[in-house]
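Step one of this worksheet: look at the structure below.
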Amino acid sequence: MILFFFISVASFFLILKISYLYFNQKMYYPFRIAEINAFIINNIFVIIIMIYLFEIKEILLILLLNLLIFWIVFHISNMIQTSPRTKILLDLYNYKIIQKPDYLNSYTVENILDYRLKRFNSSKQIEVNNDIIKYKNKKSILLNLVYCLFVLLKSF
Amino acid sequence: MFFFINILFIFLFIFFINWFFKSINDFAYIKIIKIYLIFLLIFILSSIKLNYLNIDQPFNFLCLILNFMFFISYLLIIGIRFINSPSYDIINYIKKNNPSKKNEILIHLKDKRIIEERIEILTREKLVLLNNNNLSLSNNGVIFCRLFLFIKKFLGIETEG
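Chains as they are written, first to last, in the working numbering: chain A, 61 to 216; chain B, 532 to 692.
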């Protein structure tokens, strides 16, 4: 069972890599299509095999573990793509050493705002018309779900 | 049974962390990791002593992996309790001032000192060193970056910030 779990993790990452090559960064907000694709395909294979090998409680445990791995991968890819702290660290890795004012001139609030407006616009949360930004209350089910989870965690 | 004990452990751990870290000044990822490892060690030893945990059973071993996975998932989202993401600030501003001008949002974000605040946090976490106004990575920062660069290269993700 343990060996099977590790094989299922390895197959998830293999399918994830192939999915990233195929779908690139395409999003179904807030997730990347590659992540959803890898999660679904891997679990279909895993469930088909597990039905013949394990009891129901073991199947559910492995599915829960797969769900957590998917959640962790989603957050880590988000951190790499959107987190300002990760961006600062990776920039400093390239610069080795830099004067603070120089760095604050190279990475600015304007950059942060532009990237986010682009993302919000493509996820249809906002509408940009010249310099006027309008909020649209249209979010996908998944985006609403993750948003509610974050609000819950913040108030917890 | 051991599965439910693990879930209870995770809940108790989260309640303890929420009680222990009340503000951003107390909060540090390294402290949470140390507390978790101490809690986990006590948990494993007491479970063995009370005959709830038998490592020879694969199901129990996977329950411990589940415990660790829950901890990693929690660690990745705990930060939002203390610091708002720029996306959250921007969407909140646009919701309250709908429609908004881009310049107004920019002024609002500049007031929040987003980048400066994050450099301060990274310095406090000892991932970044600030000497005579020079910024550089600490040894832990370099390890963290190498791990992230490996994942970034593996998945082919662009860093936007």
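Heads up, the beta-carbon is just placed ideally off N, CA and C, and yes, glycines get one too. These numbers were taken from a predicted model, which means no experiment stands behind them.
Any chain B beta carbon closer than 9 Å to residue i
i, result
"residue 139(A)", "yes"
"residue 61(A)", "yes"
"residue 109(A)", "no"
Span separating the alpha-carbon of residue i from that of residue j
i, j, result
"residue 105(A)", "residue 589(B)", "21 Å"
"residue 95(A)", "residue 101(A)", "10 Å"
"residue 665(B)", "residue 651(B)", "13 Å"
"residue 660(B)", "residue 118(A)", "47 Å"
"residue 128(A)", "residue 663(B)", "43 Å"
"residue 602(B)", "residue 632(B)", "41 Å"
"residue 586(B)", "residue 592(B)", "6 Å"
"residue 644(B)", "residue 580(B)", "51 Å"
"residue 180(A)", "residue 692(B)", "14 Å"
"residue 121(A)", "residue 62(A)", "11 Å"
Beta-ladder partner(s) of residue i, from DSSP
i, result
"residue 662(B)", "665(B)"
"residue 141(A)", "Bridge partners of residue 141(A): none, in fact."
"residue 92(A)", "87(A)"
"residue 187(A)", "194(A)"
"residue 159(A)", "665(B)"
"residue 631(B)", "193(A)"
Chain-order list of residues whose beta-carbon lies under 6 Å from that of residue i (same chain, five-residue window excluded)
i, result
"residue 681(B)", "none"
"residue 130(A)", "99"
"residue 93(A)", "83 and 86"
"residue 68(A)", "106"
"residue 646(B)", "none"
Counted within 10 angstroms of its Cβ, other Cβ atoms place residue i as buried (16 or more) or exposed
i, result
"residue 192(A)", "exposed"
"residue 649(B)", "buried"
"residue 125(A)", "buried"
"residue 676(B)", "buried"
"residue 542(B)", "exposed"
"residue 655(B)", "exposed"
"residue 670(B)", "exposed"
Contact with chain A by residue i, beta-carbon distance below 9 Å
i, result
"residue 578(B)", "no"
"residue 554(B)", "no"
"residue 562(B)", "no"
"residue 649(B)", "yes"
"residue 543(B)", "no"
Same chain only: Cβ atoms within 7 Å of residue i, ignoring 5 sequence neighbours per side
i, result
"residue 540(B)", "574 and 598"
"residue 196(A)", "184, 185, 186 and 187"
Residue i beta carbon near the ligand FMN (any heavy atom closer than 8 Å)
i, result
"residue 184(A)", "Annotation note on the ligand FMN: not contained in the displayed structure, which lists no ligands."
Sequence-distant residues of the same chain with beta carbon closer than 8 Å to residue i, five excluded per side
i, result
"residue 532(B)", "583"
"residue 557(B)", "551"
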